[in-house]
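Asker: Sequential numbering from 1 applies to the sequence shown in full-length UniProt numbering. Glycine included, each C-beta is placed from N, C-alpha and C at the ideal position. Predicted, not measured: the structure shown is a model, and the values here were computed from it.
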Amino acid sequence: MIKLNGGGVGGKGRSILSFDHGGPRGISQLLILNEIVNRIYNEKERELGLGIEATPPCEHFDLIGGSGMGGFIAILLVVFGLQVEDALEHFATWNKEVFDESLTYSCTERMKRMKEKVDSLLQQSGFEPNTKLNKPNERDKGCKLVVVVREARNLGSIVHLRNHPSSSGNMSDITIRDAILATCSSPFLFPAAKIKESAWSREFISAEQGLANPTREIIKVAHEIFKGDISVSCVLSIGAGHPGVIRLWNDDGDSQPDRAMRRLVEDCEQVAREVGERMRDTQAYFRLSVEQGMQVSDRRASQLRKEGPEHLTGDFVAHTLAYLDQEEVRKVIDNYIKALLTKEEVVTLAQLNHSGGGRVLLRNLPPLVSRFVEREAPWKRMLDVFFAGRDSIPLHRQFIMVIRGMGGLGKTQLALRFAREFGSQFSSVAFIDCSSVERLKSDLLRHVRAITKSIGIDLKRALEILGAENRPSSYDVTKKVPWLLIYDNCDDDTLNLASYIPNCNHGCILVTTRLRSFQQLDLDTTLDLQTMSPDEAVETLKIYSGQATSHPRASIVASDEDEASMRSVARKLGYLPLALVQAGSHVHATGESWVDYDRTLQRRIHQLMSRPPTSQRNGNNVSTFSAFDASYDRLSPHARQFLSLFSFFHSSPFPLESIGLAAQHLFSGQYYDYLIPRSKDYVSSLGLLKSVFCPTDHWDPVVFNETVGVLRNYSLISIQRSRGVTMVYMHPLIQAWVRRTKSEEYPRKVYEEATIRILASAACQDNWIINQALVSHLVRTKIGWQGLHVNDKAAFAAIFHKAGEYDGSLKLRASTSLEVRAYHAKTLQNVTDLVIKSFNECAESYKKLRRFPDAVKAYLEVYKACRKSFGELEAPTLAAVNNLADVFSEYANAHGAEICLRVLRDIRRALVHDPAFGPEHETTKDTEARLALVLYRQGQYVEAEHIQESVVAKRKRDLGKYHGDTIDAYETMGRIYTALEKHHQAESLQRGVLEWREKNRGPDHRETVKARSCLAITLHKMQSFAEARDLFERALDSQRRTIGDNDIETAQTKMNMAFTLFHFRQSKEALTLAKEGRDGIGEVLGKEHQMYKNADAILKKVRRVCARYGDEQPVTAIADDGSPTPNGMDFTI
């Protein structure tokens, strides 16, 4: 008994039925179909019990099509939903009343008679005369219809009439009536069927000439309807009988219709033989057509016509029944019914469409996952490599593509997708399991033996056969690339895969691996498979949870809240395909909401990712964590230890240079480890670090790089280059897997302490890119900041400050300064330079955040402590004075700035003439730099210029042209030049500063944004308004994204940009920005602050100009009386 699989549309393998054109012998085709339908009914009755209702043929097939009278049969079965017995009755009646040649009708009269019969059929069936063929119709049970006809005026034009919308729009509005007339209009019996379409008409005839067997055309349409990756279980082609001496219409021994019919039947059988041969290996193609007995002699045909057409029909019936009673025919029907009912997926429509499936051995391919999600970037890469814009793969070149990536990325599925989509372009396709050398050899031999039908060959001979240039002629006839070999799971680094690849200049090879070493097979065509894009990841979650609106099995639609939770889940799972499938399958199976899944994912991640999805029809139900084990098992103990330690960092890229730097300094914070002594717990984490990074008791970069290379080779980590810095990245799920299942040698606390040691040791370097990368790792330890040792807090604060993250820096420095002071007070020690240093750093963070009152208090406290401890003219005290002068001038405190200015001048004179210091002492040079900056802020530009030029010259000489301090000196010099209206000199310096800051600090660093604004101000004064506006917009965008709208620097940019917008007559936008800038300054500094008063005065003047002039002319500046002035003014605040 056959085990049924649902029946009808919606099963897995699609079923296709094609009817040849056979004229009045269509009776034979319907009798064959009737036998099949009756046998199906009997099978179902045996399995399901008595009393089941008989179902029409359209419920058993996904697509039915035909040409000529075969097309008419298809319309009866699909559009009218007839049982076969009813279709037989209609067909016999039409034979007798329309197609019988003994009726003395002219072609025109016969067409009139046929139209009457069509109208009568429509009326009896409840259809309106103008009912469209593609109008939704419950009778077809979802079965698709394709009728193949030709245009009478262009016989080379093939038209497909369908009962469903067509992407080509070809005859999409044809009526049922016109479709019947078109397919029945045989050129020797009827005139062409004229069909009215909009303002013109078209004429159609039966496609019997050249397409009497329409199987190939119907497969082409099926490929378009169902898409190429959909699989087919069976294709049934029903013919109308074997050719012979057939004379049906008159007694003329060689009439034109007789000759035509012979050619048509011969054509049908020729096509049937070709399709059968080419689809032989697929076991999906079935052909049924009466082979003997349908031939009718001249005398016998004449006698039967005289007795009446029903006698000729009776002859057809008798021979068809005899044909169906043959043992071989019954076996074919048995096999076909089994394929139809079980709906096993045998071959894809893409393979059938391209070649009819000829010699494409795909039966050993594992199935695709049930709901494959197309990934745009890797798929495009594969098409570019193999096709490069061509329609087919070149014959005389061997292509090798290595698909590399970590476990769970879908490497195998991507290779299978390619094989099923384009398998028809190959003579054969083999899937070779490379999990072991023995399995590789076995699969390769099995494939070659299958295509050669020989068992007496060894591996060497098999490779020679695949590489042979004199390939079988069938390859050349079909113009196919000889073969596609898929080497899957090549994850053994001892495997010499090249020795198992045919040495030739043809064929295509796909290799899936986790190992980077296999990229050497062809570096140019390697596909380094990455995780999904966020949108692809969310679509995967929707599909596997049944919430994708585009998916036919969608049960519910995701809400906005679910959508947000899915994006959060996808991000936490690192966009890894296998993990996403697990998550979606879990939600679908349990009914858990995405909100709840997201909320508990972090806590349950080990449980959820260790459970394989159960929805995969390929039987490869491997969990995400299990997929990682294959790589881990191959690692050495030392590499495993490295991996365990690294899993406790944040999942963002980590700068490898930091590890080397930390190891060279024996994992000491260097600058901060002496603030307060450490406890004994410090030693255990140092022991772990030394065993991982200094296994030979010293730092060896060669051993370190080898370990990184091994982990990278197995795709457990990846390496990225970012602006000259090497970053190492571990996928978040690999981190979670290692942390929870593999890190057992040391307690968790020891691993966490070890990561803190490495991070703190990196504080001694000044590379902004490295510091910026470290910030995310510092944030991960934020929950434990209160428990951090004060030395580590100081080191973390330094990293935050150097990365431009001043909020984080201030929080840590404020805590550090208090702890250091408390420790020294407890130990009864005097105030030391360590205490002073901690408070000085805290004051620096206040200043960077524009919290000037707090900065002044902190610097005053530092100054008092320095004067008390070191005296007046000592370096620490003088540095404190410099800092006070700087913050007073920037704070716009006129009184304090004036006092500091006098003090700085006196100090500079004293230092220059003091033998202990002199003009080249660092304290003297630092004082000169601060003096120039204060003079600039006080408006004394000429003196500032003179001193700053000296500062720039000394820094270039002592530190070099591109040192950070030299760049700071250039920036101050550029501002002074702008104030002195030396705009070209200013522009040159400021462009250089901006270029250096963007390269070394990044585009969004505060110092970079400040440099961008300075250049914009200069360009505005040079009347380069368009570039100035662009720079202001970029600066403002960066500030809004990084420090927010309420920061003082953002407010200043808004005020400055407002003037540039006036030039472009954007008065409303300019006023809005100016008001936002003024209000922002007031919110930060208060309305009594001089900067707010200046901004408010400017805003009032701008309003008066707008009220007076509107947008009539561009405004470049505002004079004291509020009227526009041509000369411009300094609009910086």
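What residues match up with Phe870 in a beta bridge as DSSP calls it?
Answerer: Your numbering for residue 870 matches position 870 in the sequence shown. DSSP lists no partner for Phe870.
Asker: To the nearest angstrom, how far is the alpha carbon of Thr600 from that of Arg955?
Answerer: Within the sequence shown, numbered from 1, the residue matching residue 600 stands at position 600. Within the sequence shown, numbered from 1, the residue matching residue 955 stands at position 955. Near 56 Å, if we compare the C-alpha coordinates of Arg955 and Thr600.
Asker: So, with DSSP's three-state summary, where would you put Gly13?
Answerer: Taking the first residue of the sequence shown as 1, we reach residue 13 at position 13. Three-state result, Gly13: coil.
Asker: Looking at C-beta atoms only, is the number of pairs between the segment 698-706 and the segment 751-765 that lie closer than 8 Å three or more?
Answerer: no
Asker: From Ala662, Tyr751, Leu1085 and Leu515, pick the residue whose C-alpha is nearest to that of residue 1142; which is it?
Answerer: Because the chain is modelled from 1 through 1133, residue 1142 falls outside the range shown and cannot be assessed.
Asker: Note down the Cα distance separating Glu981 from His1020, rounded to an integer number of angstroms.
Answerer: Here the question's residue 981 lines up with position 981 in the sequence shown. Here the question's residue 1020 lines up with position 1020 in the sequence shown. Answer to the nearest angstrom: the Cα atoms are 12 Å apart.
Asker: Compute the distance between the beta-carbons of Leu324 and Leu17, then report whether it is under 7 Å.
Answerer: Numbered from its first residue, the sequence shown carries residue 324 at position 324. Numbered from its first residue, the sequence shown carries residue 17 at position 17. Not in contact: Leu324 and Leu17 (Cβ atoms no closer than 7 Å).
Asker: Return the chain-ordered list of same chain residues with a C-beta closer than 8 Å to the C-beta of His777, the five sequence neighbours on each side being excluded.
Answerer: Walking along the sequence shown from the start, residue 777 turns up at place 777. Cβ neighbours of His777 beyond the five flanking positions: Phe649, His650, Ser652, Phe654, Thr755 and Leu759.
Asker: Is it buried or exposed for Val683, if we count other Cβ within 10 angstroms and need 16 for buried?
Answerer: Position 683 of the sequence shown, counting from 1, holds the residue named residue 683. Under this definition Val683 is an exposed residue.
Asker: At the level of alpha carbons, what is the spacing between Leu340 and Lys12?
Answerer: Here the question's residue 340 lines up with position 340 in the sequence shown. Here the question's residue 12 lines up with position 12 in the sequence shown. Taking the straight line joining both Cα atoms gives about 11 Å.
Asker: Taking only runs that begin and end inside the segment 376-400, name each unbroken alpha helix (DSSP H) of 4 or more residues, in chain order.
Answerer: 376-386
Asker: Can you tell me whether Gln664 is helix, strand or coil according to DSSP?
Answerer: One-based indexing of the sequence shown puts residue 664 at position 664. Gln664 falls in the helix class under three-state DSSP.
Asker: I need the straight-line Cα distance from Phe1062 to Glu805, nearest angstrom please.
Answerer: Numbered from its first residue, the sequence shown carries residue 1062 at position 1062. Numbered from its first residue, the sequence shown carries residue 805 at position 805. So the alpha carbons of these two residues sit roughly 34 Å apart.
Asker: DSSP three-state call for Phe19: helix, strand or coil?
Answerer: Translated into the one-based positions of the sequence shown, residue 19 becomes position 19. The answer is strand: DSSP assigns Phe19 an E or B state.
Asker: Report yes if the CB atom of Ile543 is closer than 7 Å to the CB atom of Ile337, and no otherwise.
Answerer: Within the sequence shown, the letter at position 543 stands for residue 543. Within the sequence shown, the letter at position 337 stands for residue 337. No; because the gap between Cβ atoms is not below 7 Å, this pair is not in contact.
Asker: So what's Pro655 in DSSP terms, helix, strand or just coil?
Answerer: For the purposes of this step, residue 655 is taken as the residue at position 655 of the sequence shown. Reduced to three states, the DSSP call for Pro655 is strand.
Asker: So, under 8 Å CB-CB, Leu931 and Arg905 are touching, yes? Tell me the CB distance rounded to an integer number of Å.
Answerer: The residue you call residue 931 lines up with position 931 of the sequence shown. The residue you call residue 905 lines up with position 905 of the sequence shown. That belief holds up - the Cβ atoms of Leu931 and Arg905 are roughly 7 Å apart, short of 8 Å.
Asker: Output the boundary residues of the alpha helix (DSSP H) element that contains Ser1067.
Answerer: Numbered from 1 along the sequence shown, position 1067 holds the residue referred to as residue 1067. Start and end: Ser1067 to Leu1085.
Asker: In chain order, what residues of the same chain lie with their CB nearer than 8 Å to the CB of Ser715, ignoring the 5 residues before and after it?
Answerer: Position 715 of the sequence shown, counted from the start, is the residue given in the question as residue 715. Excluding sequence neighbours, Ser715 sits near Arg404, Gly405, Met406, Gly407, Arg514, Leu515, Arg516 and Ser631.
Asker: Counting only the same chain and skipping the five closest in sequence on each side, list residues whose C-beta sits under 7 Å from that of Ser392.
Answerer: For the purposes of this step, residue 392 is taken as residue 392 along the sequence shown, with counting starting at 1. Listed in chain order, the non-local C-beta contacts of Ser392 below 7 Å within the same chain comprise Gln425, local neighbours out to five positions each way being set aside.
Asker: Just grab the DSSP bridge partners of Met727 for me.
Answerer: Here residue 727 refers to the residue found at position 727 of the sequence shown. The partner list for Met727 (beta bridge, DSSP) reads Pro655 and Gln720.
Asker: Where DSSP assigns a beta bridge to Asp433, which residues make up the other side?
Answerer: Looking up residue 433 in the sequence shown gives position 433. Answer is Asp488, bridged to Asp433.
Asker: Bridge partners for Leu145 per DSSP, in chain order?
Answerer: For the purposes of this step, residue 145 is taken as residue 145 along the sequence shown, with counting starting at 1. Answer is Ile64, bridged to Leu145.
Asker: Is the Cβ-Cβ distance between Ala843 and Ala858 less than 7 Å?
Answerer: Translated into the one-based positions of the sequence shown, residue 843 becomes position 843. Translated into the one-based positions of the sequence shown, residue 858 becomes position 858. Going by C-beta atoms, Ala843 is nearer than 7 Å to Ala858.
Asker: With a cut-off of 8 Å, do at least 3 Cβ pairs link the segment 110-121 to the segment 28-42?
Answerer: No, the segment 110-121 is not in contact with the segment 28-42.
Asker: Helix, strand or coil for His160? Go by DSSP, reduced to three states.
Answerer: The residue given as residue 160 occupies position 160 in the sequence shown. His160 falls in the strand class under three-state DSSP.
Asker: Using the three-state DSSP reduction, which class does residue 1134 fall into: helix, strand or coil?
Answerer: Because the chain in this structure spans residues 1 to 1133, residue 1134 falls outside the shown range and cannot be described.
Asker: Looking only at C-alpha atoms, which of Ala54, Val887 and Leu161 sits nearest to Val856?
Answerer: For the purposes of this step, residue 856 is identified with residue 856 of the sequence shown, where counting begins at 1. Looking at the Cα atoms, Val887 is the closest of the given residues.
Asker: Below 8 Å on the Cβ atoms is my contact criterion, and I expect Ser186 with Gly68 to pass it. Report the Cβ-Cβ distance as a whole number of Å.
Answerer: For the purposes of this step, residue 186 is taken as residue 186 along the sequence shown, with counting starting at 1. For the purposes of this step, residue 68 is taken as residue 68 along the sequence shown, with counting starting at 1. The Cβ separation is near 7 Å, so the contact holds.
Asker: Quick one, are the C-beta atoms of Val790 and Thr816 less than 7 Å apart?
Answerer: What you label residue 790 is simply residue 790 of the sequence shown in a count that begins at 1. What you label residue 816 is simply residue 816 of the sequence shown in a count that begins at 1. Yes, they are a contact pair.
Asker: According to DSSP, is Asp968 part of a helix, a strand, or is it coil?
Answerer: Translated into positions along the sequence shown, residue 968 becomes position 968. In this structure, Asp968 counts as helix in the three-state DSSP scheme.
Asker: With a 10 Å radius around its C-beta and 16 neighbouring C-beta atoms as the bar for buried, classify Ile432 as buried or exposed.
Answerer: If you number the sequence shown from 1, residue 432 lands on position 432. Buried.
Asker: By how many angstroms is the C-alpha of Gly241 removed from the C-alpha of Asp20?
Answerer: Residue numbering aside, residue 20 sits at position 20 when the sequence shown is read from its first letter. Residue numbering aside, residue 241 sits at position 241 when the sequence shown is read from its first letter. Cα-Cα distance, rounded: 10 Å.
Asker: Please tell me whether Thr1018 and Thr972 are closer than 7 Å, where the distance is taken between their beta carbons.
Answerer: Counting from 1 along the sequence shown, the entry for residue 1018 is found at position 1018. Counting from 1 along the sequence shown, the entry for residue 972 is found at position 972. Pairing Thr1018 with Thr972 gives a Cβ-Cβ distance that is not under 7 Å.
Asker: Taking only runs that begin and end inside the segment 833-882, name each unbroken beta strand (DSSP E) of 3 or more residues, in chain order.
Answerer: none
Asker: Tyr970 and Leu989: beta carbons closer than 7 Å?
Answerer: On the sequence shown, residue 970 is found 970 positions in, with the first residue counted as 1. On the sequence shown, residue 989 is found 989 positions in, with the first residue counted as 1. Cβ distance < 7 Å, so Tyr970 and Leu989 count as in contact.
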